[in-house]
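The structure appears below as structure tokens.
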DNA sequence: TACATATGCAACTATTTGGTTGCATAATAC
DNA sequence: GTATTATGCAACCAAATAGTTGCATATGTA
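Residue numbers (this note's numbering), protein chains in the order written: chain A, 184 to 300; chain B, 184 to 300.
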């Protein structure tokens, strides 16, 4: 489980998960495009995602297809969110806003939905 | 959002979240007991959890009470899990087991539910 | 007041981590 | 067979991180 949290702690790896969530089965070279990291850099990130079981792979000839596995993320949610809380949170955008507003944060200007990195 | 993932990436901080999920309103010194880290170490961890909005605090005299905030964790789940997938996953322990079984992991003996760290 | 309790801040260190370059291996195309 | 494409492995480096020690501040209590 430690591998899952470590894997999610990097913005490049989260970007890769976003792309695989958008379209599964992409290869390493496909996933490299647009990222300002070398191919080997991306390769190492994908390896970490694999070891965390967040990404499952399938060899097709010389190509390695990558797919997102949502199970570990689901386990994170169920760890700290009770069933009844999940029910409440599902509809309560207001609660989120309330917690944001009353926080003594330095820059309370930024909205919550802006720029997931 | 980056702060949330970084905060969750450390086992000590996850242990703190577990304790606050178990009982809210604990102080720094209460949370120190049992952890093999100094008070200042725990303090720095709690500060990171605060900045990630995973923990909300409330001053009571000279005591600082700590409470868990589940909202950021809920947002993680909704990022990579589609609504229909959430519905399926809710009842499908079997899917999780299947994915574990067919994984090419070195030590496939360990069960999924054992020892969240 | 004097003392104990509860927390915060700053400097320093060892380890981890993200990224690189260079070379090796394997499958497809000509 | 030769060239090209797709990926993997190892060594190296700079930056971030977890942890420490020491001191400062503020709130209760005798």
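Quick reminder that beta carbons are idealized off the backbone N, C-alpha and C, glycines included.
- Message: For residue 196 of chain A, tell me which candidate among A:245, A:218, A:208 has the shortest Cα-Cα distance.
- Response: A:218
- Which bits of chain A does residue 191 of chain B rub up against, with CB to CB less than 8 Å? 188, 191, 192, 259
- Message: 9 Å is my cut-off, CB to CB: does residue 219 of chain A come that close to chain B?
- Response: no
- Query: Which residues of chain A have a Cβ atom closer than 9 Å to the Cβ of residue 200 of chain B, listed in chain order?
  - Reply: 262, 263
- Item | Contacts around residue 248 of chain A, its chain only, beta-carbon distance under 6 Å, and the 5 residues preceding and following it disregarded | 208, 241
- Task: List the DSSP bridge partners of residue 248 of chain A.
- Result: A:241
- Cα-Cα, which of A:226, A:221, A:187 is closest to residue 210 of chain A? A:226
- Message: Once DSSP output is grouped into helix, strand and coil, what is the label at residue 274 of chain A?
- Response: Only weak support is given to the placement of residue 274 of chain A: the predicted model assigns it a pLDDT of 48, under 50, and the value that follows is read from those uncertain coordinates. Correct three-state label for residue 274 of chain A: helix.
- Query: Can you tell me whether residue 220 of chain B is buried or exposed, with buried defined as 16 or more other CB within 10 angstroms of its CB?
  - Reply: exposed
- Shortest alpha-carbon distance to residue 238 of chain A belongs to which of A:214, A:223, A:222, A:265? A:214
- Task: Could you work out which residues of chain B lie near residue 251 of chain A, taking near to mean beta carbons separated by less than 7 Å?
- Result: 263
- Item | C-beta contact flag for residue 188 of chain B and residue 260 of chain A at 9 Å | no
- Message: Does the CB of residue 204 of chain A have a neighbour CB from chain B at under 9 Å?
- Response: yes
- Item | Closer than 9 Å to chain B by CB, residue 197 of chain A | yes
- Item | Sequence-distant residues of its chain with Cβ nearer than 7 Å to residue 185 of chain B (five each side left out) | none
- Item | Beta-carbon gap between residue 257 of chain A and residue 203 of chain A smaller than 9 Å | no
- Query: Between A:200, A:229, A:216, A:236, which lies nearest to residue 255 of chain A when the distance is taken from Cα to Cα?
  - Reply: A:236
- Measuring alpha carbon to alpha carbon, tell me which of A:233, A:212, A:234, A:228 ends up nearest residue 246 of chain A. A:212
- Message: Judging by CA-CA distance, which residue of B:223, B:252, B:228 is the nearest neighbour of residue 206 of chain B?
- Response: B:252
- Item | N-terminal and C-terminal residue of the alpha helix (DSSP H) that residue 232 of chain A is part of | 222-234
- Task: For residue 206 of chain B, name the three-state secondary structure that DSSP assigns.
- Result: coil
- Message: Output needed for residue 199 of chain A: all residues of its chain with C-beta closer than 7 Å, excluding positions within five of it in sequence on either side, in chain order.
- Response: 214, 228, 229, 232
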